[in-house]
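Enquirer:
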Amino acid sequence: MKLLISLLYPIFILVIMGGILYHQRMHKHFKWFVFLNGIFAFVLLVFTYFYFKFEDTIYFWDSSGQWSNAIYTLDAYHYSLDGLFYELYQSMLHTEYSKLPAFFLLFPLHQFGTEFRHFAFAMVLVFAIPACFLLTAFVYQYHHEKMSKWHLVSLVSLVYLSSPILFSMLEGESGAAGIVFILLFYWLFASYRYERFELLKNIALVGCILILVFLRRWYIFWVISYFFTTFLFQCYVAYRKKKFPLWLIVNYAFITFTVLVCLWLFFKEFVIMITTANYVDAYVAYRISLLNQLQHTLGFYGLGYLVLVIIGIYWIYKSKSKYGFLPFHIVFTYAIFLIVDRFDTHHYYVITIELLLLIITAILRMDKKWQHGFMTVVISFLFLTKLVLPFPNLLAGTITNAPEVRKDKETIIAMVKDMNQIVQDDSIYILASSLLYNNQTFQNVMLPQKMSSMKNMLAVAHIDQRDGFPLVVFDADYILLVSPHQIHKEEKYQKVIIKLSEALQTMARDHYQLVKTYKIDETSFTLVKKIKEFTLQQQQSIIDFVEIEPILK
């Protein structure tokens with residue numbers, strides 16, 4: 000039974016892929032299509048293996064959150080299936096990182112192990128490769144009659160060498176699994192009949208929506224944008240045909256109502272959590288100006304990639320393609336996402352599939368006299384930027400990231416072991432929040448052998464408006480102070496890290512005793528022990544000095 004549970008997602012994907020291949024078996028150049036997918040899938044797996052063979056770093060925050068979820072989920076799977084499903088359901092109700100992606104990874108993790116390289120390899124195997132296949136097969140399905148072998152080489156190369164699909168998974172962002180279900184959306188809608196009630200497809204779409212929402216909440220923006228833009232597009236089509244879009248309204252109303260009812264009946268706590276959370280304060284430190292965000296997007300994808308998209312938009316509208324809604328879908332998703340948060344490198348999976356569809360559709364819709372020359376340029380560009388030019392660069396963006404090696408990892412491990420000897424079973428608060436040194440740098444340095452390298456480490460307040468003042472600091476038996484201050488956002492958003500450190504070394508210096516000092520390169524770490532309790536008045540004085548109030552829960 001356990002084996003069957005772990006195989007649910009792989010079997011689901013294999014059945015879909017097998018069904019597609021069976022349906023396409025009589026298509027033109029079918030064997031060539033299968034061969035190309037097999038070769039590029041193998042190349043992708045080999046690349047991932049060697050990528051992590053040379054990487055040796057410490058994972059924290061988003062990457063470690065998803066990785067830890069995978070380890071905990073595999074442990075629950077080994078211990079009890081009842082416990083596994085209980086943990087899965089509770090994570091979907093209450094936590095930011097659902098264990099649903101980890102559930103999909105159970106079988107490969109069980110086979111390969113839980114090292115980060117195995118975690119990433121498993122994602123590439125069961126998420127990235129199926130996504131690449133579904134996208135290439137989707138295009139092949141509807142254009143095979145006019146596709147030459149060179150078309151297929153161009154198509155498969157473009158998709159499998161598209162680093163945005165792979166990038167999030169190399170960073171440990173298992174929520175990127177949603178691209179598989181986004182592509183299932185497109186498969187379902189490709190044969191969708193808007194002039195009648197599509198019950199079975201509507202039910203399948205409801206399932207995809209629910210899975211997307213729990214893979215990562217950011218997909219809510221994608222879902223809203225997709226239905227909004229396609230609804231307007233189909234209304235326009237109906238207007239041109241002088242027909243009232245009755246069944247379009249009925250179908251979309253059915254899907255919306257069913258999703259909302261399912262969420263309210265089975266995931267009420269989740270609905271309350273996402274509708275009452277103050278995302279304005281939670282992500283205020285992460286938002287940037289629109290101009291800076293556009294520059295970041297350009298840097299992520301690279302100028303060459305976005306030039307191809309612009310050409311794609313031109314050819315789509317020139318050929319009056321049914322994918323005319325895609326540019327609006329991308330812009331609308333981009334816009335509503337920015338209302339809450341900024342696009343970081345591990346968020347772009349919500350628009351990458353649409354960008355690829357724009358490029359691919361553009362090539363296939365292009366005049367024949369342009370096609371082969373254009374495809375030659377595109378493939379040459381892909382291979383050149385992947386294999387020859389250094390990274391990052393303006394053409395290819397930052398999406399390939401060289402394997403990261405932390406030369407201070409062994410030093411941090413030695414430092415953690417020494418602090419554990421000193422702290423023993425007492426609590427410790429680490430006052431650091433940079434991309435180099437933060438609480439999870441020390442907590443996760445021995446993953447997966449040790450889920451927490453330091454026992455009784457208290458939660459750190461990183462972002463002021465989101466986390467408030469950390470009252471737990473007054474309960475900490477030990478505090479690790481870091482100089483210079485370790486922050487990853489502007490000072491105005493991380494006053495707690497800076498001003499609390501100053502307060503503890505001035506206003507509260509009589510409450511602590513120096514235990515030991517460590518040094519890594521130019522950074523000093525000072526471990527102090529609390530020798531005197533704080534009165535309520537003293538606590539309030541420090542809170543007033545920091546100028547950030549606690550968030551009472």
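Using numbering that gives the first Met the number 0, the first residue of the sequence shown is number 0, and each one after it goes up by one. Even for Gly, the Cβ is constructed at its ideal location relative to N, Cα and C. Quick caveat: nothing in here was measured; it's all calculated off a predicted structure.
Would you kindly work out how many angstroms separate the C-alpha atoms of H93 and L80, rounded to a whole number?
Expert: Rounded to whole angstroms, H93 to L80 spans 20 Å at the Cα level.
Enquirer: From the DSSP output, in three-state form, read off L526 for me.
Expert: Looking at L526 - three-state DSSP - the assignment turns out to be strand.
Enquirer: Run through the DSSP bridge pairs and tell me what I429 is partnered with.
Expert: DSSP output for I429 lists L479 as bridge partner(s).
Enquirer: Buried or exposed: where does K529 fall if 16 or more other Cβ atoms within 10 Å of its Cβ makes it buried?
Expert: Buried is the call here.
Enquirer: Chain B beta carbons: is any one of them nearer than 9 Å to that of Y50?
Expert: The structure shown contains no chain B, having only a single protein chain.
Enquirer: Can you check DSSP and say which residues form a bridge with L513?
Expert: DSSP output for L513 lists V527 as bridge partner(s).
Enquirer: Measure the C-alpha to C-alpha separation of P389 and K52 and round it to an integer number of angstroms.
Expert: Low local confidence applies: a pLDDT of 42 at P389 is under 50, so the model's placement there is unreliable, and no value is given.
Enquirer: In the structure shown, what three-state DSSP assignment does F390 receive?
Expert: Caution is warranted here: a pLDDT of 46 is assigned to F390, below 50, making its placement in the model unreliable, and the coordinate value is therefore given only provisionally. Here F390 sits in coil by DSSP.
Enquirer: Do D425 and Y477 count as a contact pair if the criterion is CB distance below 9 Å?
Expert: It is a contact, given that the beta carbons lie within the stated cut-off.
Enquirer: List the whole-angstrom C-beta distance separating L108 from L73, where the pair is believed to meet the contact cut-off of C-beta under 8 Å.
Expert: The Cβ separation is near 5 Å, so the contact holds.
Enquirer: Check whether the Cβ atoms of H345 and G174 lie closer than 9 Å to each other.
Expert: Against a cut-off of 9 Å, the Cβ pair of G174 and H345 comes out as a contact.
Enquirer: Rank E114, V125, F115 by C-alpha distance to the C-alpha of L104 and give the top, closest one.
Expert: Closest by alpha carbon: V125.
Enquirer: According to DSSP, is M456 helix, strand or coil?
Expert: Of the three classes helix, strand and coil, the one that applies to M456 here is strand, per DSSP.
Enquirer: Using 8 Å for Cβ pairs, my map puts L503 next to V514. What's the rounded Cβ distance?
Expert: Not really, about 14 Å apart at Cβ, beyond 8 Å.
Enquirer: If you draw a straight line from the alpha carbon of E521 to that of I219, how long is it in whole angstroms?
Expert: Answer to the nearest angstrom: the Cα atoms are 43 Å apart.
Enquirer: With DSSP as the reference, identify every bridge partner of D280, one or two as the case may be.
Expert: None, per the DSSP bridge assignment.
Enquirer: Exposed or buried, what is A276 when buried is set at 16 or more other beta-carbons lying within 10 Å of its beta-carbon?
Expert: Label assigned to A276: exposed.
Enquirer: Decide yes or no for the touch test of the region 192 to 210 against the region 304 to 320: beta carbon pairs closer than 8 Å, at least 3 of them.
Expert: No: fewer than three Cβ pairs fall under 8 Å.
Enquirer: Name the two residues that bound the continuous alpha helix (DSSP H) containing S153.
Expert: Where S153 is concerned, the enclosing alpha helix (DSSP H) stretches over 148 to 159.
Enquirer: Is D55 helix, strand or coil by DSSP?
Expert: Residue state, collapsed to three classes: strand.
Enquirer: If you compare alpha carbons, which of Y225, T505, M146 is closest to F331?
Expert: Checked all of Y225, T505, M146; the closest Cα to F331 is Y225.
Enquirer: Assess, as a yes-or-no matter, whether the region 426 to 445 is touched by the region 469 to 483 under the definition of 3 or more beta carbon pairs within less than 8 Å.
Expert: Yes: at least three Cβ pairs fall under 8 Å.
Enquirer: If we ignore side chains and look at the alpha-carbon of each, how far apart do M556 and K148 end up?
Expert: There is no way to answer for residue 556, as the model of the chain reaches only from 0 to 552.
Enquirer: Mind listing, in chain order, the continuous beta strand (DSSP E) runs of no fewer than 3 residues lying wholly within the region 208 to 254?
Expert: Complete beta strand (DSSP E) runs here, min 3: none at all.
Enquirer: Give me the residue from L134, L157, L3 with the minimum Cα distance to L375.
Expert: With the sequence shown as reference, residue 375 is identified as Thr, and Leu is not the correct amino acid for it. Selected option, being the one with the closest Cα: L157.
Enquirer: Is it the case that the region 204 to 222 contacts the region 319 to 327, given that we only count it when at least three CB pairs across the two stretches are under 8 Å?
Expert: No, they do not touch.
Enquirer: Report, in whole angstroms, the separation of the C-beta atoms of L446 and W66, which I expect to be a contact under 8 Å.
Expert: At roughly 7 Å, the Cβ-Cβ gap stays under 8 Å, so L446 and W66 are in contact.
Enquirer: Determine the closest residue to L13 out of E546, I352, P129, W246, with distance taken between C-alpha atoms.
Expert: L13 has its Cα closest to that of P129, out of E546, I352, P129, W246.
Enquirer: Please work out which residues of its chain come closer than 6 Å, Cβ to Cβ, to N392, disregarding the five sequence neighbours upstream and downstream, and give them in chain order.
Expert: Here the model assigns N392 a pLDDT of 48, short of 50, so the residue's position is not dependable, and the following value carries that caveat. Here the set comprises nothing.
Enquirer: So what's I550 in DSSP terms, helix, strand or just coil?
Expert: Coil.
Enquirer: At which residues does the alpha helix (DSSP H) containing K319 begin and terminate?
Expert: No alpha helix (DSSP H) holds K319; DSSP gives it neither H nor E.
Enquirer: Under 8 Å Cβ to Cβ from Y141, same chain only, skipping five residues before and after it: list those, please.
Expert: Closer than 8 Å at Cβ, skipping near neighbours: A189.
Enquirer: Quick one: Cα of F265 to Cα of F184, how far?
Expert: In a straight line, the C-alpha of F265 is about 23 Å away from that of F184.
Enquirer: Hey, out of G206, I497, L44, whose CA is closest to I541's CA?
Expert: The candidate whose alpha carbon is nearest that of I541 is I497.
Enquirer: Taking the alpha-carbon positions, what's the A284 to V42 distance?
Expert: Rounded to the nearest angstrom, the two C-alpha atoms are 39 Å apart.
Enquirer: Could you check what DSSP says for V404 in three-state terms: helix, strand or coil?
Expert: V404 falls in the strand class under three-state DSSP.
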